[in-house]
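Going by the working numbering, 241 is the number at position 32 of the sequence shown; the sequence numbering is gapless.
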Amino acid sequence: MSLTLITNDRSFLINIQSKPSFVGGQGQVYGVRLPKYGDCVLKIYKSQEKADKIRDKILYLMQQKTPHVNDNIRFCWPIGAVFDTDTHAFKGYVMLKAFPESRDLTILEAYSPKESIAQLFPDDTKWHDKFELKSLSGIKNRLKILYNWIVAIEALHATRKYILGDIKPENVLVTPTGKISIIDIDSCQICDNGKLKFECDAKTPNYFPAEAYNMSKRHIPLNYQCDSFAIGCCIYSILIGCHPFTNIRLLPPYNNGNYSTISSRIKASLYYRGSNSKYVERIPALDLHANLDQLSPQLINLFDRCFIGHSNRPTMTEWREAIKHQIYH
210 MSLTLITNDR
220 SFLINIQSKP
230 SFVGGQGQVY
240 GVRLPKYGDC
250 VLKIYKSQEK
260 ADKIRDKILY
270 LMQQKTPHVN
280 DNIRFCWPIG
290 AVFDTDTHAF
300 KGYVMLKAFP
310 ESRDLTILEA
320 YSPKESIAQL
330 FPDDTKWHDK
340 FELKSLSGIK
350 NRLKILYNWI
360 VAIEALHATR
370 KYILGDIKPE
380 NVLVTPTGKI
390 SIIDIDSCQI
400 CDNGKLKFEC
410 DAKTPNYFPA
420 EAYNMSKRHI
430 PLNYQCDSFA
440 IGCCIYSILI
450 GCHPFTNIRL
460 LPPYNNGNYS
470 TISSRIKASL
480 YYRGSNSKYV
490 ERIPALDLHA
500 NLDQLSPQLI
510 NLFDRCFIGH
520 SNRPTMTEWR
530 EAIKHQIYH
């Protein structure tokens with residue numbers, strides 16, 4: 210397929226000959242190298258319908274200034290739109306590539322008390338012996354990565370334009386030294402002068418708050434509390450070893466198949482420290498939630514505010530300060 214890439218100041222012809230480096234739910238991803246920009250990533254949407262739906266959002270993002278925080282944070286922002294050279298149909302976009310040696314944070318989300326990271330991820334040698342939950346240094350290193358991730362999200366929120374809406378460990382790429390690359394920006398919600406311009410195109414139920422489903426159905430803009438809930442779930446999983454709504458036993462009337470998924474438990478407010486705690490039991494034989502005891506009261510309070518109700522969730526600034534306090538605690 211012959212493609213034409215159009216950036217804000219030039220155009221290129223691209224011929225895709227290699228196989229995609231990654232195939233996801235929305236499309237295929239290829240590595241490309243371009244003059245001026247260097248190593249980049251090309252995303253081609255699976256269907257023309259999807260491409261046509263998101264075309265205007267990509268063109269809008271290309272015109273926006275990419276937030277800059279520091280040299281350890283990168284936003285994989287759309288820098289060029291890709292069209293079929295013959296039909297001129299929009300096909301996808303090119304974005305900046307993540308930092309070298311990056312991988313997603315499922316490496317810290319996945320946890321087994323009986324297996325180390327080296328055993329679970331034998332090929333990721335640079336992550337071995339540095340991030341174990343059982344060691345103080347491992348927890349500190351996890352906190353430093355979380356701190357940088359939160360700083361990146363905080364910078365997006367500070368623009369008053371963007372809600373990521375699909376925050377999860379798979380949607381951030383990180384180096385073992387803590388450099389952060391935010392990906393899948395094309396799915397974010399965008400507001401312009403306080404008015405909804407583009408809706409969030411993706412959500413992951415395990416990280417999506419209950420009240421936001423109704424907002425999405427009614428085309429009400431998502432708010433910053435949605436991102437707060439998602440990052441709260443990620444922080445909890447990475448520091449505790451399990452999702453806040455798992456590793457529990459449910460009591461009647463919730464001990465049936467209707468509440469077997471994480472999303473169903475989120476919708477039913479079955480957080481073990483919340484208003485329905487009398488229907489939730491921790492599992493003594495494998496009580497990962499006990500790891501909460503090694504965290505500061507400040508951070509524990511933010512977890513409770515995050516998962517109990519939705520009117521007083523922490524801001525990204527509060528999450529950042531609590532993580533910083535925990536690092537030096």
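We treat Cβ as the ideally placed atom computed from N, Cα and C, and that holds for glycine.
Would you say residue i and residue j are within 9 Å of each other, going by their C-beta atoms?
| i | j | result |
| --- | --- | --- |
| I316 | I389 | no |
| L495 | P322 | yes |
| L178 | Q398 | Not covered by the structure: residue 178. The range shown for the chain is 210 to 538. |
| K300 | L222 | no |
| N464 | A477 | no |
| I457 | E490 | yes |
| I270 | V303 | According to the sequence provided, residue 270 is Leu. The question's Ile does not apply to it. Contact: no. |
| T470 | P414 | yes |
| H519 | E420 | yes |
| L459 | Y468 | yes |
| E318 | P229 | no |
| H366 | Y433 | yes |
| K266 | D401 | no |
| L497 | C451 | yes |
| P462 | Y422 | no |
| Q272 | N217 | yes |
Ignore the nearest five residues each way along the sequence and tell me which others in residue i's own chain have a CB closer than 8 Å to its CB.
| i | result |
| --- | --- |
| H428 | L405, E408 |
| I517 | S478, Y480, R482, G483, S484 |
| N380 | D313, L373, I391, I392, D393 |
| N521 | R514 |
| H538 | S505 |
| S472 | P414, N415, F417 |
| K259 | Q235, G236 |
Give the straight-line distance between the Cα atoms of residue i and residue j, rounded to the nearest whole angstrom.
| i | j | result |
| --- | --- | --- |
| T368 | G236 | 28 Å |
| I392 | S311 | 12 Å |
| C285 | D261 | 21 Å |
| G466 | F454 | 15 Å |
| N500 | Y356 | 19 Å |
| R529 | K335 | 26 Å |
| A290 | Y254 | 12 Å |
| I359 | M525 | 6 Å |
| E324 | E341 | 10 Å |
| P385 | L448 | 16 Å |
| H297 | L431 | 33 Å |
| S346 | K339 | 7 Å |
| R474 | Q503 | 25 Å |
| L268 | D248 | 21 Å |
| A411 | Y246 | 28 Å |
| L511 | E527 | 8 Å |
| M424 | Q257 | 27 Å |
| K426 | T275 | 30 Å |
| I263 | N279 | 29 Å |
| P331 | N350 | 19 Å |
| T294 | A307 | 27 Å |
| S344 | G234 | 36 Å |
| I492 | L243 | 53 Å |
| D333 | P309 | 13 Å |
| L352 | S227 | 38 Å |
According to DSSP, what are the bridge partners of residue i?
| i | result |
| --- | --- |
| D293 | L212 |
| F221 | L214 |
| K404 | D401 |
| I253 | Q237, G301 |
| I391 | F284, V381 |
| R312 | V383 |
| D248 | R242 |
| S344 | DSSP output for S344 lists no bridge partner at all. |
| S321 | E324 |
| Y371 | I399 |
| E363 | In the DSSP output, where bridge partners are listed per residue, E363 has none listed. |
| L459 | V489 |
| F231 | V238 |
Give the C-beta separation of residue i and residue j to the nearest angstrom, bearing in mind that I take them to be a contact with Cβ-Cβ under 8 Å.
| i | j | result |
| --- | --- | --- |
| C443 | I376 | 7 Å |
| I288 | L305 | 6 Å |
| S437 | P523 | 6 Å |
| I354 | G387 | 5 Å |
| F231 | V241 | In fact, because the Cβ distance is near 13 Å, the residues do not count as touching under 8 Å. |
Leaving out five residues before and five after residue i in sequence, what residues of the same chain have Cβ atoms less than 6 Å from its Cβ?
| i | result |
| --- | --- |
| L508 | A531, Q535 |
| A361 | I282, I389, I391 |
Can you find the residues in the same chain that come closer than 7 Å, C-beta to C-beta, to residue i, ignoring five residues on each side of it along the sequence?
| i | result |
| --- | --- |
| S220 | T213, L214 |
| H277 | none |
| L329 | A319, S321 |
| K533 | Y356 |
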